[in-house]
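Each remark here refers to the structure printed beneath this line.
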Amino acid sequence: MGTRLNVLMHDMVPKHQIMENEEVSKLLSDYNITIEQLPKIYHDDPIVKAVEALPGTVLRITRKSHTAGEAESYRLVVRRPKK
Amino acid sequence: MSEKYIERLESFSLPETIHDLITEWLSGKEVEEDVFTRILDRICRINDAHLPVKTHDQLISLLLKKEDQDNPVTDEQFDEILTRVIKEYGLTRIEPCEAVGIIAAQSIGEPGTQMTMRTFHYAGVAEINVTLGLPRLIEIMDARKEPSTPTMTIYLEDGFREDRDRAREVSWDVEASPLHEFGDIVTDMENMRVIVTLNKAVCDKRRIKISEILERAPAKIRERRHYRDFEFEVNEAEGIIRFIPKDQLSYQNLFQLVEHVRNVIVQGIDDIQRVVVRKESGEYILYTEGSNLKDVFEVEGVDTTRTRTNNINEISHILGIEAARNAIIHEANSTLREQGIGVDVRHIMLVADMMCMDGEVKQIGRHGIAGEKESVLSRAAFEVTVNHLLDASIAHEHDVLCGVTENVIVGQPIQLGTGDVRLVVRPMNNITRTGEN
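For the record, the sequence lines run as chains A and B. Heads up: the first sequence begins at 149 in the numbering used here, then just goes up one per residue. Heads up: the second sequence begins at 207 in the numbering used here, then just goes up one per residue.
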């Protein structure tokens with residue numbers, strides 16, 4: 149049929165970017181955390197598929213925030229655990 | 207004229223949003239030198255106050271609006287406004303080591319008690335029933351797989367949204383229509399068969415070919431309704447289809463067949479029971495009862511960037527976890543606002559962040575966030591105490607006593623507020639040291 153859905157274009161979906169390794173290590177040292185402490189996103193999430201990120205990479209998410217105008221957030225791509 | 211001002215503006219390196227506001231204001235009008243200086247001075251003072259983006263944007267646009275109305279804010283007024291805004295902002299800031307979670311819980315919980323327990327009356331746009339109030343809030347926090355009243359708001363693409371007839375066409379493709387809406391269905395008891403005569407006018411109006419219906423009806427009875435004990439004959443020229451039950455002796459089978467034939471969905475999306483077309487702020491929007499995001503996105507004319515549903519679980523599957531987080535915030539916020547209850551959006555954002563932390567939408571209760579805590583005592587303190595303690599002892603679990611709840615239980619200082627601060631004293635100019643001597 150006619151229209152094809154592009155999930156990245158939807159209003160509710162914020163901007164997702166794959167982060168470089170150097171950026172990730174800077175992020176982790178800035179916050180003094182380990183990579184497992186980041187929020188997660190599953191590898192079969194439609195957005196992860198759309199930006200073609202592999203498990204283990206970190207995504208930078210630029211949200212439109214209600215309070216701060218624009219806010220950055222990060223998620224680590226992990227495999228969905230088997231139930 | 208305005209180029210000169212813009213050049214001066216650049217030298218201040220203001221944030222982008224402020225910069226845009228001023229350049230927009232400057233364009234297409236003559237501004238006096240002293241007016242511009244005054245405005246610029248004030249804007250710099252607002253910028254220096256480090257307020258949230260939204261607050262300073264609002265302040266500046268109000269300031270510029272007053273200027274446009276030839277009723278500029280005086281210096282004293284401006285001082286008063288700015289001091290009070292800064293003071294008010296200072297009050298809303300959170301201090302280090304503050305327990306934000308418990309504040310969020312109370313801030314949502316207390317207004318929750320004020321919502322009447324039985325808000326089962328429905329209200330909403332155009333005859334579509336939507337659960338509101340406390341039941342809806344509970345639904346969101348419990349992360350139910352399916353809301354009790356799923357509904358979608360379908361926006362249309364350019365070329366469809368301005369035209370009532372074209373909007374209606376899209377609605378035919380969306381709304382589930384059973385076969386009996388397209389023609390007459392007669393039960394021929396003498397010859398044990400069901401005869402469907404399609405009405406060409408209706409089919410034309412709904413933009414569906416007779417051949418399409420004739421092909422789809424029997425296939426869908428078999429696949430969707432799982433009823434296979436029949437055969438059929440098609441007469442495409444006259445738009446007639448005859449269904450013959452396999453068991454020629456049982457009237458019960460015949461009547462069963464009639465039910466299936468009447469109600470088989472031949473046009474539209476199965477999950478969407480009803481569609482209402484409404485005009486809102488200059489464009490036609492479809493409101494639906496029932497929700498199926500994936501199939502609706504496939505329909506021609508649907509705007510795939512704005513269309514949304516109130517089924518959060520569905521959003522997380524189709525648009526991802528971040529979209530689900532946004533949907534939780536939006537749904538919870540509008541549910542509370544509808545009841546005339548103002549809850550700061552930051553509390554709701556915190557709840558939504560917690561729910562979406564691990565890559566899927568989790569409920570707040572014992573099957574979600576509260577039930578997956580590391581600490582045994584913390585889990586036991588919430589609900590089903592004995593089960594948790596029993597399971598933990600069987601599994602030989604340890605509790606490292608890091609969190610708040612478990613330390614309250616064992617009577618140790620907790621890591622919140624002053625309890626989380628370790629003081630380090632740096633001697634001033636070595637005076638203390640020599641004094642001790």
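The C-beta atom is built at its ideal place from N, Cα and C for all residues, glycine as well. The model shown is predicted, which means the values in this text are computed figures rather than measured ones.
The beta strand (DSSP E) with residue i in it runs from where to where?
i	result
residue 208 of chain A	206 to 213
residue 358 of chain B	357 to 360
residue 403 of chain B	399 to 404
residue 486 of chain B	480 to 486
residue 163 of chain A	163 to 166
residue 473 of chain B	471 to 473
residue 248 of chain B	Taken as a continuous stretch (DSSP letters only), residue 248 of chain B belongs to no beta strand (DSSP E), being part of the alpha helix (DSSP H) at 239 to 254.
Tell me the DSSP secondary structure of residue i in three-state form.
i	result
residue 493 of chain B	strand
residue 618 of chain B	coil
residue 390 of chain B	strand
residue 437 of chain B	strand
residue 383 of chain B	strand
residue 643 of chain B	Caution applies to residue 643 of chain B, whose pLDDT of 42 falls short of 50 and renders its modelled position unreliable; the model cannot decide the point.
residue 189 of chain A	strand
residue 194 of chain A	helix
residue 202 of chain A	coil
residue 151 of chain A	Because the pLDDT at residue 151 of chain A is just 47, under 50, the model does not fix this residue reliably, and the point stays unresolved.
residue 612 of chain B	helix
residue 577 of chain B	helix
residue 512 of chain B	coil
residue 218 of chain A	strand
residue 218 of chain B	coil
Measuring alpha carbon to alpha carbon, tell me which residue in the options is nearest residue i.
i	options	result
residue 444 of chain B	B:310, B:290, B:420	B:420
residue 222 of chain B	A:226, A:231, A:190, A:218	A:218
residue 627 of chain B	B:593, B:284, B:302	B:302
residue 556 of chain B	B:242, B:307, B:240	B:307
residue 209 of chain A	B:579, B:527, B:580	B:527
residue 610 of chain B	B:422, B:416, B:582	B:582
residue 304 of chain B	B:490, B:263, B:620	B:620
residue 225 of chain B	B:270, B:284, B:574, B:238	B:270
residue 427 of chain B	B:446, B:462, B:263, B:442	B:462
residue 244 of chain B	B:264, B:219, B:215	B:215
residue 400 of chain B	B:386, B:292, B:511, B:412	B:386
residue 166 of chain A	A:181, A:187, A:224	A:224
residue 262 of chain B	B:249, B:273, B:274	B:249
residue 228 of chain A	A:158, A:188, A:175	A:188
residue 315 of chain B	B:599, B:279, B:403, B:547	B:547
residue 342 of chain B	B:230, B:237, B:534	B:534
Following the continuous alpha helix (DSSP H) through residue i, name the residue where it begins and the one where it ends.
i	result
residue 179 of chain A	169 to 179
residue 315 of chain B	306 to 320
residue 297 of chain B	281 to 298
residue 536 of chain B	527 to 544
residue 345 of chain B	339 to 347
residue 556 of chain B	551 to 561
residue 522 of chain B	518 to 524
residue 587 of chain B	582 to 588
residue 224 of chain B	222 to 232
residue 270 of chain B	259 to 274
residue 229 of chain A	Here residue 229 of chain A belongs to no alpha helix (DSSP H), and DSSP marks it neither H nor E.
residue 448 of chain B	No alpha helix (DSSP H) contains residue 448 of chain B, which is instead part of the beta strand (DSSP E) from 446 to 451.
residue 499 of chain B	499 to 504
Just the Cα atoms here: how many angstroms apart are residue i and residue j?
i	j	result
residue 160 of chain A	residue 525 of chain B	8 Å
residue 211 of chain A	residue 257 of chain B	19 Å
residue 194 of chain A	residue 565 of chain B	12 Å
residue 647 of chain B	residue 313 of chain B	Because chain B here runs from 207 to 643, residue 647 of chain B falls outside it and cannot be looked at.
residue 212 of chain B	residue 254 of chain B	19 Å
residue 604 of chain B	residue 572 of chain B	20 Å
residue 567 of chain B	residue 192 of chain A	14 Å
residue 226 of chain A	residue 358 of chain B	31 Å
residue 152 of chain B	residue 540 of chain B	An answer regarding residue 152 of chain B cannot be provided, because it is not within the stretch 207 to 643 covered by chain B.
residue 353 of chain B	residue 466 of chain B	27 Å
residue 429 of chain B	residue 577 of chain B	40 Å
residue 516 of chain B	residue 433 of chain B	32 Å
residue 559 of chain B	residue 531 of chain B	7 Å
residue 309 of chain B	residue 514 of chain B	31 Å
residue 450 of chain B	residue 391 of chain B	13 Å
residue 595 of chain B	residue 589 of chain B	11 Å
residue 509 of chain B	residue 289 of chain B	45 Å
residue 522 of chain B	residue 350 of chain B	12 Å
residue 355 of chain B	residue 554 of chain B	22 Å
residue 480 of chain B	residue 373 of chain B	15 Å
residue 606 of chain B	residue 246 of chain B	56 Å
residue 150 of chain A	residue 507 of chain B	No answer about residue 150 of chain A holds up, because its pLDDT of 40 lies below 50 and its placement is not dependable.
residue 395 of chain B	residue 344 of chain B	51 Å
contact_flag[the region 498 to 509 of chain B, the region 465 to 476 of chain B] where n(CB pairs < 8 Å) is 3 or more: Yes, the region 498 to 509 of chain B touches the region 465 to 476 of chain B.
Segment contact, 8 Å Cβ cut-off, at least three pairs: the region 423 to 443 of chain B with the region 483 to 491 of chain B: Touching, no.
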